[in-house]
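Visitor: Have a look at the structure that comes next, please.
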Amino acid sequence: GKLETAIAETVVKFPRPAEVDKFTYGTAGFRTKGDWLDHVMYGMGLLAGLRSRKVNGQTIGVMITASHNKAEDNGVKLVDPMGEMLETDWESWATAIVNGHSPEETVKAYGDVLQKYNIDQDKPANVIYARDTRPSGARLVKALEAGLKATNVTYKDFGILTTPQLHYLVRATNTQDDKNPYGEVSEAGYYKKLGAAFSAAMKNVKSNSPVTVDCANGVGAPKLKEMLKYLPSEKESGLKINIVNDRIEQAEVLNKDCGADYVKTQQKVPQGFDGKNYDRWCSFDGDADRIVYYFNDEGPVFRLLDGDRIATLAATFLGELVKKCDFEEKLELGVVQTAYANGASSKYITDVLQLQSEFTETGVKNLHHVAARYDIGVYFEANGHGTVLFSKKALDTIWKKEPQSPAQLENLEALRAATELINQTVGDAISDFLLVEAILAHEQFTVREWLGMYTDKPNKLAKQVVPQRDEYKTVPKTAEQKLQSPEGLQDKIDTEVAKYREGRCFVRASGTEDAVRIYGEALSSYDVDHMVRAVADLIE
Ligand code: NG1
Ligand code: ZN
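Heads up: the sequence shown begins at 10 in UniProt numbering, then just goes up one per residue.
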């Protein structure tokens, strides 16, 4: 057909790089050196159009970012109509469409998708896209546009945005004609929605201390600055927000010795830290979908308040509000984590909060789907990526309730504000930041009190390079905590772990790096070090 000819003619301008054997759409979409991604972007243009036609012309999003990775890297992810990550079944089509070795193979992969889903090429297709601050982004957009143009897709460039802002826009676009649209379809619409929700959440409370945000020298910096314009004044909310690591014009400092990933993996304050003991700090990652908090204790001893801490804080707060609102219909709250969550946080959720706690496989997509089964589903990875989902039943219940007293009205208003403040499409550093700040103000918590909710178990995350990481397969439904291969290894690990008091340790292949990860916990940090080293020795 006509489109196939157009593809064959234009794909040659974006040849496959010789350096890459095979591109794979993984948990983070495609991600590698920005220089090698033009061909992939072109293919994602084709696939985004196909996906939109498959879902009756609803708008699909394309986000160009490499998150916490180096400035020279880049990547791309597709966003489905309700702002979720691309449906899993389509990941293999993404892989197929960017791995053609000739124009004919690309056209063939395109045709396979058309056929498989019975897609009508004359139907409309709509795509919107954005990118982070990486220098390669502007060039990669051209490749993406070539794929979109070749297949007659209607598209709109939203320029530089955070990843969660693009997710917001996709959902807002697709719910424009609904009775309850998600928000205005513009960047300003995002700020307006969050700003109004934060003001409502802070209506009856005041923050008691300032906060500093490390923006990883990435897109979070200009976007958080813009967000500030829509927030109540410092006088009204009591909250002073300082921003550091905002040098987006210097590409090479992006994520360099700063940002959420650095702080979490290095267990260190970022470059540019000048806080006193007990000052409240937080860090975004390079595309502002992750956040972790931290402070220096007496010593100074570095104290991290990671995704587990945010999940337990949010679950505590929402659980209390739900109880106080006394709804006729029972709303079921649950917290979803991965096996990397500190055992003390899971125990706190079940024993103290008396809420459901569930583990899923690594990757926010997995957590998201399980959290969606609850009326209020809180999910966070320890690394700070997460959010809260409210079911339709929960939203209806919360919005239709008639308060029985002024106190109940206050609680109801706080809960309603939370449903608006939380970005329900995906983990969002700006939205999570405002949520945490509002909760701390409500609870009148200092960082010490927040940390004091429970005591983390001593833990260690190690990494070991192996010749063939795909040999490490886990038993389904164990949240990746048991190996089924290599044969016999799990038995050896179990024997070793049994030697330590309250020992827990598991090995799995990383989905994003060429290595296996070893995570361990035990009663003492001496035991943890010993155990993790002993388990590492069992791995060839
Ligand atoms: P892998 O490399 O599969 O362990 C890492 C993180 C995940 C998630 C993904 C996607 C850990 C232990 N793993 O996955 O939490 O964020 O990257 O970026 O932190
Ligand atoms: Zn990110």
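We put the beta carbon where it would ideally sit given N, CA and C, even for glycine.
Report buried or exposed for Lys63, applying the criterion of at least 16 other Cβ atoms within 10 angstroms of its Cβ.
Guide: When all chains shown are included, Lys63 counts as buried.
Visitor: Just checking Thr160 against ligand 1 - is the residue's beta carbon closer than 7 Å to any of the ligand's heavy atoms?
Guide: No, the beta carbon of Thr160 sits no closer than 7 Å to any heavy atom of ligand 1.
Visitor: Where does Arg425 sit, in a helix, a strand or coil, going by DSSP?
Guide: Helix.
Visitor: Got a sec: does ligand 1 put a non-hydrogen atom nearer than 7 Å to the Cβ of Thr97?
Guide: Flag unset: Cβ of Thr97 not near ligand 1.
Visitor: Is the CB-CB distance between Val278 and Tyr302 below 8 Å?
Guide: Taking 8 Å as the Cβ cut-off, Val278 and Tyr302 do not qualify as a contacting pair.
Visitor: Nearer than 7 Å: is that true of the beta carbon of Ser440 relative to any heavy atom of ligand 2?
Guide: Result no, Cβ not under 7 Å from ligand 2.
Visitor: Between Ala139 and Ile169, which are expected to be in contact by the criterion C-beta below 8 Å, what is the C-beta distance as a whole number of angstroms?
Guide: Contact holds; Cβ gap of about 7 Å.
Visitor: Tell me whether Arg289 counts as near ligand 2, meaning its Cβ is closer than 7 Å to at least one heavy atom of that ligand.
Guide: No, the Cβ of Arg289 stays beyond 7 Å of every heavy atom of ligand 2.
Visitor: Would you report the Cα separation of Lys409 and Leu342, rounded to the nearest angstrom?
Guide: Between Lys409 and Leu342, the C-alpha separation is close to 19 Å.
Visitor: For Thr221, count neighbouring Cβ atoms within 10 angstroms of its own Cβ and tell me buried if that reaches 16, exposed if not.
Guide: Classification of Thr221: buried, given that the 10 Å Cβ count is 16 or more.
Visitor: Just to check my reading of the structure: Lys202 and Asn108 have Cβ atoms closer than 8 Å, yes? What is that Cβ distance to the nearest angstrom?
Guide: Contact doesn't hold; Cβ gap of about 39 Å is too wide.
Visitor: Below 8 Å on the Cβ atoms is my contact criterion, and I expect Ala426 with Ala209 to pass it. Report the Cβ-Cβ distance as a whole number of Å.
Guide: Sure, about 4 Å apart at Cβ, within 8 Å.
Visitor: Any heavy atom of ligand 1 closer than 7 Å to the beta-carbon of Ala37?
Guide: Yes, the Cβ of Ala37 comes within 7 Å of a heavy atom of ligand 1.
Visitor: Judging by CA-CA distance, which residue of Val544, Lys402, Asp538 is the nearest neighbour of Lys339?
Guide: Here the closest residue by C-alpha is Lys402.
Visitor: What does the alpha-carbon distance come out to for the pair Arg256 and Ile548?
Guide: Taking the straight line joining both Cα atoms gives about 42 Å.
Visitor: How would you write the range of the beta strand (DSSP E) that Asp82 sits in, first residue to last?
Guide: Start and end: 82 to 88.
Visitor: Which stretch, first to last residue, makes up the beta strand (DSSP E) that contains Gln346?
Guide: Taken as a continuous stretch (DSSP letters only), the beta strand (DSSP E) holding Gln346 covers 342 to 347.
Visitor: Cβ of Gly295 versus every heavy atom of ligand 2: is any distance shorter than 7 Å?
Guide: True, at least one ligand heavy atom lies under 7 Å from that Cβ.
Visitor: Taking all protein chains shown into account, do 16 or more other C-beta atoms lie within 10 angstroms of the C-beta of Ser195, making it buried, or fewer, making it exposed?
Guide: It is exposed - the Cβ of Ser195 has fewer than 16 other Cβ atoms within 10 Å.
Visitor: Taking just the CA atoms, how far does Thr14 sit from Leu149?
Guide: C-alpha separation (whole angstroms): 22 Å.
Visitor: Is Asn392 a contact residue of ligand 1, with contact defined as CB to any heavy atom under 7 Å?
Guide: Flag set: Cβ of Asn392 near ligand 1.
Visitor: Threshold first: 4 residues or longer. Then list the alpha helix (DSSP H) segments lying entirely within the UniProt domain "Phosphoacetylglucosamine mutase AMG1" (315 to 454), N to C.
Guide: Segments of the alpha helix (DSSP H) lying fully in the UniProt domain "Phosphoacetylglucosamine mutase AMG1" (315 to 454): 316 to 334, 352 to 356, 373 to 380, 401 to 409, 415 to 430, 438 to 452.
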